[in-house]
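Chemist: If you scroll down you'll find the structure; I have some questions about it.
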Amino acid sequence: MSKRPAKAGLTVLSSDEQTLLAIVRAHAKGADLDDIKGQLDGWDDNQILTHMNALSQKQYVDFMSMGKSGKLAFKARSAEEATKTGGMKDEERVIYRLVKEAKNSGIWIKQLKDRSGLHTQLANTVIKNLEKKNIIKWVKPVKTPHKKVYMLFELEPSTELTGGAWYTDNEMDMDFIEQLSTQVYKYIVMKSFPAKNKDAIFPPSHSAYPSASDIHKFISKSGLTTVPLSVADVQALLDRLYYDGKVTRIQKSGHHEFDDSDRMDTDDDFLDEDGGGREVVRDMDTDIWMYKAVRGSALEERNAWTDMPCGRCPVFDFCSETGPVNPSNCRYFKDWLSA
Numbered sequence: 531m532s533k534r535p536a537k538a539g540l541t542v543l544s545s546d547e548q549t550l551l552a553i554v555r556a557h558a559k560g561a562d563l564d565d566i567k568g569q570l571d572g573w574d575d576n577q578i579l580t581h582m583n584a585l586s587q588k589q590y591v592d593f594m595s596m597g598k599s600g601k602l603a604f605k606a607r608s609a610e611e612a613t614k615t616g617g618m619k620d621e622e623r624v625i626y627r628l629v630k631e632a633k634n635s636g637i638w639i640k641q642l643k644d645r646s647g648l649h650t651q652l653a654n655t656v657i658k659n660l661e662k663k664n665i666i667k668w669v670k671p672v673k674t675p676h677k678k679v680y681m682l683f684e685l686e687p688s689t690e691l692t693g694g695a696w697y698t699d700n701e702m703d704m705d706f707i708e709q710l711s712t713q714v715y716k717y718i719v720m721k722s723f724p725a726k727n728k729d730a731i732f733p734p735s736h737s738a739y740p741s742a743s744d745i746h747k748f749i750s751k752s753g754l755t756t757v758p759l760s761v762a763d764v765q766a767l768l769d770r771l772y773y774d775g776k777v778t779r780i781q782k783s784g785h786h787e788f789d790d791s792d793r794m795d796t797d798d799d800f801l802d803e804d805g806g807g808r809e810v811v812r813d814m815d816t817d818i819w820m821y822k823a824v825r826g827s828a829l830e831e832r833n834a835w836t837d838m839p840c841g842r843c844p845v846f847d848f849c850s851e852t853g854p855v856n857p858s859n860c861r862y863f864k865d866w867l868s869a
């Protein structure tokens, strides 16, 4: 009876190679020489390295550096990847390795050709062949749409390439941003003032204004969008509302409220059409901030004065120290100060 043929792309391994491969596969993050010798008796470094070279040539393991010391180590490829790369030509393996190393950030086609050391015509042929086999693919970065960037076929591009949640078909989706910003603002308004009397205000000690995480949970549970959003995405919307003057920012620790003069001078960009939809990344935990809506429909009308009882008092014009309506006996003012 004839032996069962090996799967296409796979090379038959010796018993020693199978033993070593099993040990390396048991170490998901990679195995160094000490790890391997600890499970084998009578094997020296040269013997192990000889078999590891053979496994590498047969596309079963990759050589790698481990830790800060850069210690030599070995990492097993998955059976699927070993099958996929086992039948490749040498030049295909060169291109595949460079694309794989780039992970989901991808590698620009010019860099891919330069680093491969292959002649331009040969490199183009290899890249096209790997594309046809659905082994690699190219994507168009939102910031540099004229460049072709390659990555492994099964990977999802990084947000640096796609622009993240705010881009649709490589274009910033301003309608989506505006609609979601409006809903976020409405939610903050709802949480910013007492439900029974929208003209009233919470006392200065109030600490239940929503944070970026709170708003992220609200969006996730409400079904406002099917687009997956991170807390950083929500923070980008909040920064946009903040710099548009629609919300103020209150620090949780000490509950200190910031006004316009306290806004940080920073090069970090919130969402804009020119900035490529970059997300604000802060050095601080985003949840030290709570957000409160600013009253008024026009930006010039929005200021802290309207949050004081005096700012909305219907008899303000009649109020004076010597008149029947005065700050000394104003119960609204006293309640606000004592809260």
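Numbering of the sequence shown is given in my numbering, commencing with residue 531 and proceeding in unit increments.
Just so it is clear, CB atoms sit at the ideal spot from N, CA and C, and this is done for glycine as well.
Can you look up E610 in the DSSP assignment and give me helix, strand or coil?
Modeler: Within the sequence shown, numbered from 1, the residue matching residue 610 stands at position 80. Looking at E610 - three-state DSSP - the assignment turns out to be helix.
Chemist: State the start and end residues of the unbroken beta strand (DSSP E) segment that holds K567.
Modeler: Along the sequence shown, read from residue 1 onward, the residue named residue 567 stands at position 37. No beta strand (DSSP E) contains K567, which is instead part of the alpha helix (DSSP H) from L563 to K567.
Chemist: Express the C-alpha separation of V777 and S760 in angstroms, rounding to a whole number.
Modeler: Position 230 of the sequence shown, counted from the first residue, corresponds to residue 760. Position 247 of the sequence shown, counted from the first residue, corresponds to residue 777. Cα-Cα distance, rounded: 20 Å.
Chemist: Using the rule of at least 16 other Cβ atoms within 10 Å of the residue's Cβ for burial, across every protein chain shown, is M820 buried or exposed?
Modeler: For the purposes of this step, residue 820 is taken as the residue at position 290 of the sequence shown. Buried, since its Cβ has 16 or more Cβ neighbours within 10 Å.
Chemist: Since S752 is in the alpha helix (DSSP H), which residue starts that stretch and which ends it?
Modeler: To locate residue 752, count along the sequence shown from 1; it is residue 222. First-last of the alpha helix (DSSP H) with S752: A742 to S752.
Chemist: Can you give, in chain order, each stretch of the alpha helix (DSSP H) that sits fully within the stretch 617-697 and has at least 4 residues?
Modeler: As far as the stretch 617-697 is concerned, its whole alpha helix (DSSP H) runs of at least 4 residues are 620-631, 639-646, 650-662 and 689-692.
Chemist: Given a cut-off of 8 Å on the beta-carbon distance, is the pair I637 and Y680 in contact?
Modeler: Translated into the one-based positions of the sequence shown, residue 637 becomes position 107. Translated into the one-based positions of the sequence shown, residue 680 becomes position 150. Yes, these two residues count as a Cβ contact at 8 Å.
Chemist: Going by CA-CA distance only, name the one from S635, P675, H746 and L685 that's closest to M702.
Modeler: Counted from its first residue, the sequence shown places residue 702 at position 172. Checking every option, the nearest Cα to that of M702 belongs to P675.
Chemist: Does M720 pass the burial test, meaning 16 or more other C-beta atoms within 10 Å, or should it be called exposed?
Modeler: Walking along the sequence shown from the start, residue 720 turns up at place 190. Classification of M720: exposed, given that the 10 Å Cβ count is below 16.
Chemist: Buried or exposed for T650, please, with buried defined as at least 16 other CB atoms from any protein chain shown within 10 angstroms of its CB.
Modeler: The residue given as residue 650 occupies position 120 in the sequence shown. Under this definition T650 is an exposed residue.
Chemist: Give the DSSP-derived three-state secondary structure of Y590 in the structure shown.
Modeler: Translated into the one-based positions of the sequence shown, residue 590 becomes position 60. Here Y590 sits in coil by DSSP.
Chemist: Using a 10 Å radius around the Cβ and a threshold of 16 neighbouring Cβ atoms, would you call K822 buried or exposed?
Modeler: The residue labelled residue 822 in the question sits at position 292 within the sequence shown. Per the 10 Å Cβ criterion, buried.
Chemist: Taking the alpha carbon of R623 as the point to measure from, which residue in K633, I657 and Q641 has its own alpha carbon closest?
Modeler: The residue you call residue 623 lines up with position 93 of the sequence shown. Comparing Cα positions, the closest option is I657.
Chemist: Can you tell me whether DSSP reads K716 as helix, strand or coil?
Modeler: For the purposes of this step, residue 716 is taken as residue 186 along the sequence shown, with counting starting at 1. K716 falls in the helix class under three-state DSSP.
Chemist: Less than 8 Å between the C-beta atoms of V764 and A742, yes or no?
Modeler: On the sequence shown, residue 764 is found 234 positions in, with the first residue counted as 1. On the sequence shown, residue 742 is found 212 positions in, with the first residue counted as 1. The answer is yes: Cβ separation under 8 Å.
Chemist: How do the stretch 727-736 and the stretch 693-710 stand: do at least 3 beta-carbon pairs fall below 8 Å, yes or no?
Modeler: The stretch 727-736, when compared against the stretch 693-710, does not touch it at the 8 Å Cβ threshold.
Chemist: Span of the alpha helix (DSSP H) holding I818?
Modeler: For the purposes of this step, residue 818 is taken as the residue at position 288 of the sequence shown. Taken as a continuous stretch (DSSP letters only), I818 belongs to no alpha helix (DSSP H), as it is neither H nor E.
Chemist: Less than 8 Å between the C-beta atoms of A561 and A603, yes or no?
Modeler: Along the sequence shown, read from residue 1 onward, the residue named residue 561 stands at position 31. Along the sequence shown, read from residue 1 onward, the residue named residue 603 stands at position 73. The answer is yes: Cβ separation under 8 Å.
Chemist: Let's see if you can read the secondary structure: which residues bound the alpha helix (DSSP H) around R555?
Modeler: As a working note, residue 555 is residue 25 in the sequence shown. Taken as a continuous stretch (DSSP letters only), the alpha helix (DSSP H) holding R555 covers S545 to R555.
Chemist: If you draw a straight line from the C-alpha of T852 to the C-alpha of C840, how long is it?
Modeler: For the purposes of this step, residue 852 is taken as residue 322 along the sequence shown, with counting starting at 1. For the purposes of this step, residue 840 is taken as residue 310 along the sequence shown, with counting starting at 1. Each residue's alpha carbon lies about 17 Å from the other.
Chemist: Pull up the DSSP beta-bridge partners for V777, would you.
Modeler: Here residue 777 is taken as the residue at index 247 of the sequence shown, counted from 1. Answer by DSSP bridge pairing, in chain order: A823.
Chemist: Report all residues from its chain with a CB closer than 6 Å to the CB of H581; omit the five preceding and five following residues, and keep chain order.
Modeler: What you label residue 581 is simply residue 51 of the sequence shown in a count that begins at 1. D546, E547 and L550.
Chemist: Using DSSP with H/G/I as helix, E/B as strand and the rest coil, what is K559?
Modeler: The sequence position of residue 559 within the sequence shown is 29, counting from 1. Coil at K559, not helix or strand.
Chemist: Buried or exposed for K614, please, with buried defined as at least 16 other CB atoms from any protein chain shown within 10 angstroms of its CB.
Modeler: For the purposes of this step, residue 614 is taken as the residue at position 84 of the sequence shown. It is buried - the Cβ of K614 has at least 16 other Cβ atoms within 10 Å.
Chemist: My output table needs one value for S711: the three-state DSSP class, helix, strand or coil.
Modeler: Start at 1 with the first residue of the sequence shown, and residue 711 comes out as number 181. Helix, per DSSP.
Chemist: When burial is assigned at 16 or more other CB atoms within 10 Å of the CB, is D575 buried or exposed?
Modeler: The residue labelled residue 575 in the question sits at position 45 within the sequence shown. Exposed, because fewer than 16 other Cβ atoms sit within 10 Å of the Cβ of D575.
Chemist: Per DSSP, what kind of secondary structure is S595 in: helix, strand or coil?
Modeler: Start at 1 with the first residue of the sequence shown, and residue 595 comes out as number 65. Strand.
Chemist: State the beta-bridge partners of M702 as determined by DSSP.
Modeler: Within the sequence shown, residue 702 is the residue found at index 172, counting from 1. For M702, which the question treats as bridged, DSSP gives the partners Y697.
Chemist: DSSP on K721, reduced to helix/strand/coil?
Modeler: Position 191 of the sequence shown, counted from the start, is the residue given in the question as residue 721. Correct three-state label for K721: helix.
Chemist: Assign S735 to buried or exposed, taking buried as 16 or more other Cβ atoms, counted over all protein chains shown, within 10 Å of its Cβ.
Modeler: As a working note, residue 735 is residue 205 in the sequence shown. So S735 counts as exposed.
Chemist: Which residue from Q587, I639, K630 and K605 puts its Cα closest to that of K619?
Modeler: Along the sequence shown, one-based indexing puts residue 619 at 89. Checked all of Q587, I639, K630 and K605; the closest Cα to K619 is Q587.
Chemist: Considering only residues of the same chain and omitting the five flanking positions on each side of W696, which have a CB-CB separation below 8 Å?
Modeler: As a position in the sequence shown, residue 696 is number 166, starting the count at 1. Contacts found: M702, D703, F706, I707, D763, A766, L801 and G807.
Chemist: With burial defined as no fewer than 16 other Cβ atoms inside 10 Å of the residue's Cβ, what is the status of T698: buried or exposed?
Modeler: Within the sequence shown, residue 698 is the residue found at index 168, counting from 1. With fewer than 16 Cβ atoms within 10 Å of its Cβ, T698 is classed as exposed.
Chemist: Considering only the beta carbon of each residue, do G693 and V672 sit closer than 8 Å?
Modeler: The residue given as residue 693 occupies position 163 in the sequence shown. The residue given as residue 672 occupies position 142 in the sequence shown. A contact, by the Cβ cut-off of 8 Å.
Chemist: Comparing C-alpha positions only, which one of I625, K605, G775 and D817 sits nearest to N654?
Modeler: The sequence position of residue 654 within the sequence shown is 124, counting from 1. Measuring from the Cα of N654, the nearest candidate turns out to be I625.
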